[in-house]
Amino acid sequence: MSFDIPQLTEITIDDLEALGTGAGILGTGGGGNPRIGRLRLQTLFEDEGYPDSVKLVSPKDLPADATVASVGGMGAPTISVEKFPKGDEDYKSLRAIESFSGETVDAIIPGGIGGANSMAPLCVAAMADLPVVDGDGMGRAFPELQMDTFFIYGSPVNYAATTDERGNQVVYKDIDSAKRLEDFARSITVQMGGRSGYAFPLMTGEFISQYAIPHTVSLATELGRAVERARQQGADPVKASRELLGGKDLFTGKVVDVHRRNRDGFAMGSVTLSGLDDDSRLEIEFQNEFLIARADDDRVLTTVPDLICIVDNDTGAPVMTDALRYGQRVRVLGIPAPELLTTPEALDVIGPEAFGYELTYEPLPRGETGW
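Residue numbers (UniProt numbering): 1 to 371.
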């Protein structure tokens with residue numbers, strides 16, 4: 001199955017608003033604030049020293065021997081709002097792994113399409129004059145590094161780097177597992193003030209063509225456009241998102257309680273929603289991203305890796321975990337996860353048990369279109 005969407009060949013300044021909206025929805029509450037990433041990229045496009053667009057390349061069109069790196073930001077979403085990046089942290093990390101490995105990167109790919117991490121690779125690509133792969137390793141956002149298809153399906157943890165806004169940098173080589181890299185890099189990121197820019201790992205075009213989730217940059221952009229079209233036409237923007245993504249409505253209500261704390265480099269907590277017209281309730285637990293949705297009878301409606309997306313009830317705009325506030329009127333969508341995230345080897349890393357829940361993943365039904 002595949003989404004019936006236009007496949008873009010470039011991203012220009014005219015695409016940024018739509019990409020930010022779509023990436024925010026796909027971010028399932030995390031991935032960093034897409035507005036910050038959008039403004040950063042817009043600044044680069046408007047600067048005479050950089051190109052005014054970034055070329056996109058389909059995973060299947062990459063040369064087999066191309067060298068591809070993933071870049072983005074690491075840290076709790078709440079901190080990324082309060083502590084703006086300098087803007088070149090992930091770019092410096094990219095140059096660090098090139099220098100350390102002796103290889104030249106031919107293309108950039110998002111680690112995850114959700115939130116600001118959809119924009120970060122485009123920013124680095126503009127700064128380095130490189131194309132971006134129209135795909136990613138998550139089809140959403142996840143809180144930890146090992147939770148992408150690159151590491152799930154066997155990419156070695158060869159080279160990695162993290163950099164903060166002051167230029168402090170740590171470079172890693174041949175770490176024995178992606179989870180250990182996550183632990184090392186997360187600890188360093190906490191010491192860097194809760195946010196860093198990363199680059200890792202180095203992969204081949206052949207590997208990316210098999211294990212990237214394809215055309216998610218195009219998907220996020222078309223999703224944002226669908227929301228905007230619905231607003232302009234006086235239609236329901238939430239319905240537009242649901243139909244494009246093949247998802248289902250899980251709940252409509254208002255935010256009545258939020259528990260949120262920063263711990264070990266993550267935004268942890270839960271949000272409780274109350275029905276608008278009845279006494280029904282829904283609780284959603286999160287670790288940067290929304291993980292589990294439970295009804296008031298303790299019935300689980302859906303779990304990670306399926307996407308739990310909270311959007312504004314009227315505008316369809318994404319609501320991130322750091323922006324949850326009492327009284328917000330929202331709708332909750334459940335979106336089936338990409339098939340690459342639902343295999344046994346993937347569920348070992350990103351299923352509910354990987355987050356400490358004693359639950360068996362029950363996938364949402366898939367529509368006629370999908371990942």
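We put the CB at the ideal spot given by N, CA and C, even for glycine.
All figures in this text were calculated on a predicted structure; none of them were measured in a lab.
Let me know the secondary structure DSSP gives residue i once reduced to three states.
i: D312; result: strand
i: E165; result: coil
i: K60; result: helix
i: G367; result: coil
i: G197; result: strand
i: D279; result: coil
i: E48; result: coil
i: L130; result: coil
i: D136; result: strand
i: P121; result: helix
i: R180; result: helix
i: S187; result: helix
i: P318; result: strand
i: K86; result: coil
i: Y357; result: coil
i: E285; result: strand
i: T9; result: coil
i: A295; result: strand
i: V170; result: strand
i: A69; result: strand
i: F290; result: strand
Tell me which residues share the same chain as residue i and place their Cβ nearer than 7 angstroms to its Cβ, disregarding the 5 neighbours each side in the sequence.
i: G193; result: K83, D164
i: M203; result: V68, F150, S155
i: T272; result: V256, D257, R281, E283
i: R35; result: G20
i: A178; result: L145, Q146, F151, V157
i: L94; result: A69, V71, V105, V124, A128, A199
i: residue 373; result: Residue 373 is absent from the structure shown; the chain starts at 1 and stops at 371.
i: H259; result: G269, S270
Closest to residue i by C-alpha separation, out of the options, would be which residue?
i: G205; options: D136, F266, S118; result: D136
i: Q7; options: A240, V217, Q42, Q169; result: V217
i: residue 377; options: I213, L307, I25; result: The chain is shown from 1 up to 371; residue 377 falls before or after that span and cannot be answered.
i: D312; options: I13, F286, Q328, S70; result: Q328
i: L62; options: R225, Q210, A267; result: Q210
i: A293; options: E46, Y357, E243; result: Y357
i: L347; options: A185, I208, M138, D236; result: M138
i: D14; options: A230, F207, A323, G224; result: G224
i: V304; options: D277, D65, L359; result: L359
i: E345; options: A66, E48, R180, D148; result: D148
i: L56; options: D297, A107, A185, S196; result: A107
i: M119; options: D176, L340, G32, D174; result: G32
For residue i, which residues from the same chain have a beta carbon less than 6 angstroms from its beta carbon, with the 5 sequence-adjacent residues on both sides left out?
i: G367; result: G246
i: V170; result: T162, I188
i: E222; result: I5
i: L291; result: E285, V304, F355
Note down, in chain order, each residue of its chain lying with its Cβ closer than 8 angstroms to the Cβ of residue i, except the 5 sequence neighbours on either side.
i: N168; result: M192
i: M127; result: L44, Y50, D88, Y91
i: C123; result: G37, R40, L41, L44, G87, D90, Y91
i: A96; result: A161, T163, Q169, V171, A199
i: L219; result: F3, I5, G22, L26, I113
i: R231; result: P237, T315, G316
Taking a contact to mean a Cβ-Cβ separation below 8 angstroms, would you say residue i touches residue j in this structure?
i: G316; j: V238; result: yes
i: A23; j: G115; result: yes
i: D249; j: R299; result: no
i: G253; j: S270; result: no
i: R140; j: G27; result: yes
i: I308; j: G334; result: yes
i: F286; j: T343; result: no
i: N288; j: G112; result: no
i: residue 433; j: I11; result: In the structure displayed, the chain extends from 1 to 371; residue 433 sits before or after that span and is not available.
i: F266; j: A76; result: yes
i: V132; j: P201; result: no
i: A18; j: E243; result: no
i: F207; j: Y159; result: no
i: W371; j: P338; result: yes
May I ask you to check if the CB of residue i is nearer than 7 angstroms to at least one heavy atom of the ligand SAM?
i: G356; result: Although the ligand SAM was asked about, the structure shown includes no ligands whatsoever.
Item to complete: Would you list, in sequence order, the uninterrupted alpha helix (DSSP H) runs of no fewer than 4 residues that lie entirely inside the stretch 205 to 272?
Response: Here the runs fully enclosed are 205 to 211, 216 to 232, 237 to 245.
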